[in-house]
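Chains as they are written, first to last, in my numbering: chain S, 1 to 203; chain L, 204 to 406. Note that beta-carbon positions come from the ideal geometry of N, C-alpha and C, so glycine has one too.
There are 2 protein chains.
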Amino acid sequence: MANWNGAVASREEVREQKRRAALRVASRIFNEKGYHATSLDEVADDIGVTKTALYYYFKNKEQLLYECMKLTYNCGQTARLETEAMDGSAFEKLQFLYGRFMELLMEERGVYTTMANIRALPEEAQQELIERRRQLDRYSRMLIEKAIEEGAIRSVDTRITSNFFLGAVNWILRWHTEDDAMTPKEVSAHFLDLFMNGIVKRD
Amino acid sequence: MANWNGAVASREEVREQKRRAALRVASRIFNEKGYHATSLDEVADDIGVTKTALYYYFKNKEQLLYECMKLTYNCGQTARLETEAMDGSAFEKLQFLYGRFMELLMEERGVYTTMANIRALPEEAQQELIERRRQLDRYSRMLIEKAIEEGAIRSVDTRITSNFFLGAVNWILRWHTEDDAMTPKEVSAHFLDLFMNGIVKRD
DNA sequence: ACATCTTTTTACTCATGCGTCAATACTTCT
DNA sequence: AGAAGTATTGACGCATGAGTAAAAAGATGT
């Protein structure tokens, strides 16, 4: 079916859209119930096709999980790349990195279970995903160190600090829902404030 | 076999010890691989018995998980009860509650997967465990509110703040290992410092 | 030594769910 | 309309792993 400018929703495009839709559904159910507890029949039912149709798009269940995870890790990568491209102090970058990461996560949904089920993947795929995660972690720690040198933040332990905040962030998807009273931006801002300033009152 | 004071390691006692040992092993593997990805044969192998032996101690796999989770939730409950029994300001109590909770978690290990796999349990058991978790959450929020009234901490959003820190805490078991460079007490102290004071440097 | 009770095993059943194959519907192009 | 792809289905094979039953092994007390 051609549209006004003569462009066509080609087979390739339609196929890609369906893949994406399938990934969204699978991701949601994996997150809700866990990878091993989810059957492909369930995923297929929810999409409105039969299990066999899924095999036309994905080699097997593992690959479905793998691609779900990749989408997820893209959030972190996107946030990192955007941050790397920006000007400003390490302190500003640190805030931007985490803020953007949180927003993307809440908008896209998905990290949690993917992290938990990484062991379900073959060794090679695990290593690739772990390496991706490390990149974000390294970058975040580097920013913390630089911000300390800048004199903007206290001389905290980077490992502990990074894990502290990453934990809080990853947990967000456990309690923040799509129809939450707070928007992703609000949550993100509040978290940054807590992370930067703590809860103790000062004069 | 009687010991010096005539006391006996009675059948009941031995049985209880074996149950405990089984729970520890199961808990560890559930945490490593996830409930659904773990077979009872695996658990049994690791203990050094056959699967069938487990059925002598536990009704079924679900019950095994349920009891693992109960041990876990005891950490939170213990921390809460100890805090309730203590004197001091809400601010002090808040610090003690979280500090104790973190230490218990690192010493006992186990929350993470249990939280993730709660859906594997029958509705009734889920409700019981969720209720337990709520108690801790309510208590923690109450302390935050009181500490605000006391003027010890800023007037933060209790829901966000509670989730913020709970996330960081629950995540600990993801990166802190039994042979970690930092002791549970050290991690706990560092986390409290970050939570209270944030990372920003002040004069 | 023998009888009784507890614990563990061996050998099974049965359901679930991944993945395949061949047949069928649906598109698109000529 | 009909041919050549493309997409989807229904019906199956097969492995894994939960749970059971009955027999064997191990304790304990007489």
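Item: Interface flag, L/G401 vs chain S, CB-CB below 8 Å; Value: yes
Item: 3 or more residues per run - each beta strand (DSSP E) lying fully within the segment 10 to 83 of chain S; Value: none
Item: Minimum Cβ-Cβ distance from S/D179 to chain L less than 8 Å; Value: no
Item: N-terminal and C-terminal residue of the alpha helix (DSSP H) that S/L129 is part of; Value: 123 to 150
Item: Contact set for L/K221: own chain, Cβ-Cβ below 6 Å, skip 5 residues either direction; Value: none
Item: Supposed close pair S/K201, L/A355 - CB separation, criterion 8 Å; Value: 6 Å
Item: 8 Å CB neighbourhood of L/T281 in its chain, flanking five on each side removed; Value: R303, L307
Item: Closer than 8 Å to chain L by CB, S/V14; Value: no
Item: Residue nearest to S/R174 in terms of C-alpha spacing, selected from L/E311, L/I363, L/D382; Value: L/I363
Item: Endpoints, the alpha helix (DSSP H) within which S/D157 is located; Value: Segment: none, S/D157 is in no alpha helix (DSSP H) and carries neither H nor E.
Item: Contact the segment 388 to 401 of chain L vs the segment 187 to 203 of chain S: 3+ CB pairs below 8 Å; Value: yes
Item: Nonlocal neighbours in the same chain, by C-beta distance under 7 Å from S/L143, ignoring five residues either side; Value: A90, K93, L94, L97
Item: Rounded Cβ spacing between S/A120 and S/Y35 (contact assumed at less than 8 Å); Value: 5 Å
Item: Through-space distance from S/T38 to S/F30, alpha-carbon basis; Value: 6 Å
Item: Assigned exposure category for L/V372 - 16 Cβ within 10 Å defines buried; Value: buried
Item: Contacting residues, own chain, Cβ-Cβ under 7 Å from L/H379 (five flanking each side not counted); Value: M309, V390
Item: Residue-level contact to chain S via CB, L/L369, 8 Å cutoff; Value: yes
Item: Buried versus exposed call for S/S10 [16 or more other C-beta atoms within 10 Å across all chains shown]; Value: exposed
Item: Minimum C-alpha distance to L/R344 - residue among L/Q330, L/P325, L/F367; Value: L/F367
Item: Neighbour-count burial assignment, S/K59, 16 or more Cβ in a 10 Å radius; Value: exposed
Item: Local Cβ density within 10 Å of L/V359, reported as buried at 16 or more and exposed below that; Value: buried
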